[in-house]
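Have a look at the structure below, then the notes.
Chains as they are written, first to last, in my numbering: chain W, 1 to 215; chain C, 1 to 215.
Written as C-alpha cells, this is what we have:
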C-alpha cells in the first residue's frame, strides 16, 4: 500500500510540474528547487525528485550533476527541428486524411473561436490552439502517429513565446484554416496550415533571438 | 548509494528484457515471469518488475492486472499504423535530405552487404537493415525527428516476422535502394524505398494473419 501511495504522489508531482513548465509558470532556464516544491505541496522531497528525473527523460527538465534541476531551454536549431517534426505530422495528416477530419468537432472549435473573439484570454486561445492541431492528427486514426506527434507536442507548447499580438495573428490564421476545411478546399487548407506553422516558428525564433541578445 | 545501485540494476534489466522481446527470444503474447527472470540474473524481483513496468510504458509489454506481464502482441491494424509512421519518416527524409545522406557510411553498408552475401546470417541481415534505415533518418540531422522515429523503431524490429525467404527479398531490395542512392537518382531511390516498405509491411501482415488463423 505504501508503495502505491508513493507512486501516486510522484505521478501527481509529475503532472503538476509538467504543467508549470509547459505553461511557463516556471520559465525556461530557471532552476527548480525540489525542497521548496515539496514544502509548497506538503509532500516529501523524494517524489518531487523522482518526478523531475522523469521530466528529464521527456526532455522538459535538464539535470546538471552536483548543481540541480533546470527547466529546459531551447536553441534556435532545436526550435527549427521541433517545428519540422510538427509540420511533417500536421501537413501529412491534412494531405492524406483531409476527408476524415471530424466536422462536428471542427464546428465546436469554430464556436469556441466566436467566444474567444467576444472574450479573449490566453487560456481560451491555448485551448483552441491545442484542439485544432490535435483534430488534424486525430483524423489519421493512427494511434502511433498520435504518439509520435505527442512526443513533440509538449515541447511545442513549451516553446510558445507568444505575446498578445501574436495570439491575434494566430487566431486569424486559425480562422483561415477552419474556414478552408469547412469549404472542403484541401489545397487552400494546406496552404494556410503551412503559412501558419511557418509564421509561428519564425515568431518563436525571433523571440528566442531577442532573449539571447538581451541575456 | 543503495538507491543508485538499485536504479542501475533496473536499467540493466530494462535493456536485457527489451533485447529479449525485440529479438523475439521472448515471443509476442508470451507471459513473462518476473521471479524466474530475477533468479536467472541473480537479482531481486523488484528491479525486474520495475523494468517490466517501464517496458509497458514503451508499449513493449502488456500488464494484465492480477494476471501478470506479457510480451506485446500486435493486431493487423497496429502493424499498418506502425508502418505508416515508419514510411512517413523514411520517405520524408529521402525526399528532403537525399543529398545529405552520408555516402561514406553508405559504402560501409554496401561492404557489409557483400560480406552478408558470401556468409549470410540473421544477425548480419538485422544489422544491415537497421544501419540502412537509420542512415536515411540521420540525413535530416534533426534530433527530434530521430527520437520520434525511434519511438516506432523498437516496434518495427519487434514485428519483424521474417523467414529466410523474406530476408533474401529484403536484401535484394536494400541493394536496389543503396545502388540508386549511389547513382544520385533520388526519384528511383524513393520508388525502391516505397516498394520495399510496402512489401515488408505486407509480408508482416501475411505472417500475422497466418498465425491468427492457426491460433
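Where is the CB? At the ideal position from N, CA and C, for every residue including glycine.
Taking a Cβ-Cβ cut-off of 7 Å, the neighbours of residue 82/W in chain C comprise 144, given in sequence order.
Out of 181/W, 154/W and 198/W, the CA that lies nearest to the CA of residue 104/W is found in 181/W. Annotated as distal: residue 139/W and residue 195/W, with beta-carbon spacing of 9 Å or more. Close CB contacts of residue 128/C within its chain, under the 7 Å cut and outside five residues either way in sequence, are with 109, 112, 113, 116 and 174 (chain order). For residue 64/C, the enclosing beta strand (DSSP E) starts and ends at 61-64. Around the beta carbon of residue 172/W, fewer than 16 other beta carbons sit within 10 angstroms, so the residue counts as exposed.
According to the DSSP secondary-structure assignment, residue 31/C is paired through a beta bridge with 70/C.
Under the DSSP assignment, residue 153/W falls in the alpha helix (DSSP H) whose first and last residues are 143-158. The residue from 118/W, 35/W and 58/W with its alpha-carbon nearest to that of residue 47/W is 35/W. The CB of residue 151/C comes closer than 9 Å to the CB of 144, 147, 148 and 151 in chain W, given here in chain order.
For residue 108/C, the uninterrupted alpha helix (DSSP H) run begins and ends at 103-118, by DSSP. By the rule that beta-carbons nearer than 9 Å mark a contact, residue 99/W does not touch chain C.
Rounded to the nearest whole angstrom, the CA to CA distance from residue 93/C to residue 193/C is 11 Å.
With the criterion set as a beta carbon lying under 7 Å from some beta carbon of chain C, the members of the segment 67-93 of chain W are 81, 82, 84, 85, 88 and 92, in sequence order. By the C-beta density criterion, residue 67/W is exposed, having fewer than 16 other C-beta atoms within 10 angstroms.
Cβ-Cβ separation between residue 136/C and residue 90/C: approximately 5 Å, consistent with a contact (criterion under 8 Å). Residue range 122-138 is occupied by the alpha helix (DSSP H) that includes residue 133/C.
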